[in-house]
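Novice: Starting off with a structure, shown below.
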Amino acid sequence: MKICIRELNKSYSDKQVLNNINLELENGMHGLLGPNGAGKTTFMRILTTLLPKTSGEITYDGIKVENKKEVRKIIGYLPQEFSLYPNMSVYETLEYFYLLSDIKSTKSRILCLLEEVHLETCKKLKVKALSGGMKRRLGIAIALINDPKVLIVDEPTAGLDPEERIRFRNLLSDFSKDKVIILSTHIVEDIALSCRSLTVIKEGNIKYSGKVSDFIKIGKNKVWKLPIDIDKLDDIKKDYLVVSTVLEEDRANLKIISEIKPKGAEPVNPTLEDAYMSLMQEVDENVLEIS
């Protein structure tokens, strides 16, 4: 599967939400990052045919996004917020969504799907008895009913405990072997540990698109560790972006993002989060491409 996006624009009245988005996505897990209001949800809703674009072109192996009926056959979507009937069992919930999807369900199909999302032992449990992570996995099962070639998920690990986040990341990684998965999240660690490529959107513009490993290079020579006396902390925060502070008695160990080396600081190898924070400070409106 190959998704081609060319000169995609979306506007509401005089507000430009997406501006000339150009992307190509193939099988694998692709991260989507950006601050609130960047246009990520609008972008995903356009990809899922739930929202019309203003201009541009989107194709799925040559199928145009305007062909909603055909596109919806190959797409699964898990929004950040979704509702389920609390008194239905897990098994009954899948039966119901099979019916809504106009796809014939069988017991073996449903059980196989529950096994894929590791809920086979919960089939008789009512939805209201599920944990947050279990509900998310049930949401993925619903999105997989039509065996989609493209799976789009919005903030799937928000509010989950660390163990469930790991389980969910591994689940998506397994599915990404033969699907295009687009993962939108504010949790940078989820992208660092599961995605092969990354797109960063800010104010409707693509600021970076490429490999996760290359993106980290943006933070090279911009991340510093600096030990200081605690009484100097407020002054340092006025001059630099401090991304972490570890207090030890009357001293503080800081991690700082800065183009210029602060006095007394030592360089630190950047993480994905460091690179992201560095990029968010950039004033250049051009897309960053690192070779």
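Be aware that the sequence shown starts at 23, since it is given in the numbering used here, and climbs by one per residue.
In this text, a Cβ means the ideal position worked out from N, Cα and C, and glycines have one as well.
Computed from a predicted structure; not experimentally measured.
Could you give the uninterrupted runs of the alpha helix (DSSP H) lying entirely in the segment 47-109, keeping only those of 4 residues or more?
Specialist: Here the runs fully enclosed are 62-69, 90-95.
Novice: By how many angstroms is the C-alpha of Trp246 removed from the C-alpha of Lys316?
Specialist: Because the chain spans 23 through 313 in this model, residue 316 falls outside it and cannot be assessed.
Novice: In whole angstroms, what separates the C-alpha of Ile204 from that of Ser130?
Specialist: The residue given as residue 204 occupies position 182 in the sequence shown. The residue given as residue 130 occupies position 108 in the sequence shown. Answer to the nearest angstrom: the Cα atoms are 28 angstroms apart.
Novice: Take every Cβ of the segment 106-116, pair it with every Cβ of the segment 141-155, and state whether three or more of those distances are shorter than 8 angstroms.
Specialist: With a cut-off of 8 angstroms, the segment 141-155 and the segment 106-116 count as touching, because enough Cβ pairs lie within range.
Novice: Just the C-alpha distance for Gln102 and Val39, rounded to the nearest angstrom, thanks.
Specialist: For the purposes of this step, residue 102 is taken as the residue at position 80 of the sequence shown. For the purposes of this step, residue 39 is taken as the residue at position 17 of the sequence shown. Roughly 20 angstroms between the two C-alpha positions.
Novice: Determine the contact status of Phe237 and Leu294, defining contact as a CB-CB distance below 8 angstroms.
Specialist: Against the sequence shown, residue 237 aligns to sequence position 215. Against the sequence shown, residue 294 aligns to sequence position 272. Yes; because the gap between Cβ atoms is below 8 angstroms, this pair is in contact.
Novice: Within a Cβ cutoff of 8 angstroms, which residues of the same chain sit near His140, ignoring the five residues on either side of it in sequence?
Specialist: Taking the sequence shown and counting its residues from 1, one reaches residue 140 at position 118. So the qualifying residues of the chain are Arg159, Arg189, Leu193.
Novice: Quick check: what's the CA-CA separation for Leu166 versus Gly50?
Specialist: Translated into positions along the sequence shown, residue 166 becomes position 144. Translated into positions along the sequence shown, residue 50 becomes position 28. Taking the straight line from one Cα to the other gives about 16 angstroms.
Novice: Please state if the CB of Ile164 and the CB of Phe119 are separated by a distance shorter than 8 angstroms.
Specialist: Along the sequence shown, one-based indexing puts residue 119 at 97. Along the sequence shown, one-based indexing puts residue 164 at 142. Yes, these two residues count as a Cβ contact at 8 angstroms.
Novice: Taking contact to mean at least 3 C-beta pairs separated by less than 8 angstroms, is the segment 264-279 in contact with the segment 215-231?
Specialist: Result no; under three Cβ-Cβ pairs closer than 8 angstroms.
Novice: Any idea what DSSP makes of Ile125, helix, strand or coil?
Specialist: The sequence position of residue 125 within the sequence shown is 103, counting from 1. If DSSP states are grouped into helix, strand and coil, Ile125 belongs with coil.
Novice: Can you list, in chain order, the residues of its chain with a C-beta nearer than 8 angstroms to that of Pro249? Leave out the 5 residues immediately preceding and following it.
Specialist: Against the sequence shown, residue 249 aligns to sequence position 227. Counting only Cβ-Cβ distances below 8 angstroms, and skipping sequence neighbours, we find Arg273, Ala274, Asn275, Leu276, Gly286.
Novice: Among the residues of its own chain, which have a CB less than 8 angstroms from the CB of Asn31, if the five just before and after it don't count?
Specialist: For this step, residue 31 is matched to residue 9 along the sequence shown. Hits under 8 angstroms: Gln38, Leu40, Asn41, Asn42, Ile43, Lys75, Thr76, Ser77, Gly78.
Novice: Determine the direct distance from the alpha carbon of Lys145 to that of Asp169, and round the result to whole angstroms.
Specialist: Working through the sequence shown from its first residue, we reach residue 169 at position 147. Working through the sequence shown from its first residue, we reach residue 145 at position 123. So the two alpha carbons sit approximately 20 angstroms from each other.
Novice: Hey, would you say Val172 sits closer than 8 angstroms to Ile25, going by beta carbons?
Specialist: By one-based count along the sequence shown, residue 172 stands at place 150. By one-based count along the sequence shown, residue 25 stands at place 3. Closer than 8 angstroms, so yes.
Novice: Give the secondary structure of Asp183 by DSSP, where H, G and I count as helix, E and B as strand, and everything else as coil.
Specialist: On the sequence shown, residue 183 is found 161 positions in, with the first residue counted as 1. The answer is coil: DSSP assigns Asp183 none of H, G, I, E or B.
Novice: My output table needs one value for Lys157: the three-state DSSP class, helix, strand or coil.
Specialist: In the sequence shown, counting from the first residue as 1, residue 157 sits at position 135. The answer is helix: DSSP assigns Lys157 an H, G or I state.
Novice: The alpha helix (DSSP H) spanning Tyr298 covers which residue range?
Specialist: Residue mapping note: residue 298 aligns to position 276 of the sequence shown, counting from 1. Residues 294-303.
Novice: Under 8 angstroms between the Cβ atoms of Ser206 and Glu177?
Specialist: As a working note, residue 206 is residue 184 in the sequence shown. As a working note, residue 177 is residue 155 in the sequence shown. Yes, these two residues count as a Cβ contact at 8 angstroms.
Novice: Classify Thr71: buried if its beta carbon has 16 or more other beta carbons within 10 angstroms, exposed otherwise.
Specialist: Position 49 of the sequence shown holds residue 71. By the 10 Å Cβ count, Thr71 comes out buried.
Novice: I'd like to check one pair, Ile174 with Ile97: are the Cβ atoms closer than 8 angstroms?
Specialist: Taking the sequence shown and counting its residues from 1, one reaches residue 97 at position 75. Taking the sequence shown and counting its residues from 1, one reaches residue 174 at position 152. Cβ atoms of Ile97 and Ile174: closer than 8 angstroms.
Novice: Which residue marks the beginning of the alpha helix (DSSP H) containing Leu255, and which one marks its end?
Specialist: To locate residue 255, count along the sequence shown from 1; it is residue 233. Its alpha helix (DSSP H) spans residues 255-261.
Novice: Can you name the residues that DSSP bridges to Pro178?
Specialist: Against the sequence shown, residue 178 aligns to sequence position 156. According to DSSP, Pro178 bridges with nothing at all.
Novice: Quick one: give me the first and last residue of the beta strand (DSSP E) that Leu248 is part of.
Specialist: To locate residue 248, count along the sequence shown from 1; it is residue 226. Element bounds for Leu248: 245-251.
Novice: Tell me whether Cys217 sits in a helix, a strand or coil according to DSSP, three-state version.
Specialist: For this step, residue 217 is matched to residue 195 along the sequence shown. Coil at Cys217, not helix or strand.
Novice: Take Leu215 as the anchor and find which of Arg191, Gln303, Val202, Lys201 has the nearest alpha-carbon.
Specialist: As a working note, residue 215 is residue 193 in the sequence shown. That would be Arg191, whose Cα lies nearest to the Cα of Leu215.
Novice: Exposed or buried, Cys217, counting other C-beta atoms within 10 Å across all chains shown (16 or more means buried)?
Specialist: Working through the sequence shown from its first residue, we reach residue 217 at position 195. When all chains shown are included, Cys217 counts as buried.
Novice: Can you list, in chain order, the residues of its chain whose CB lies under 6 angstroms from that of Pro57, leaving out five sequence neighbours each side?
Specialist: Here residue 57 is taken as the residue at index 35 of the sequence shown, counted from 1. Within the same chain, Pro57 has no close Cβ partners at all.
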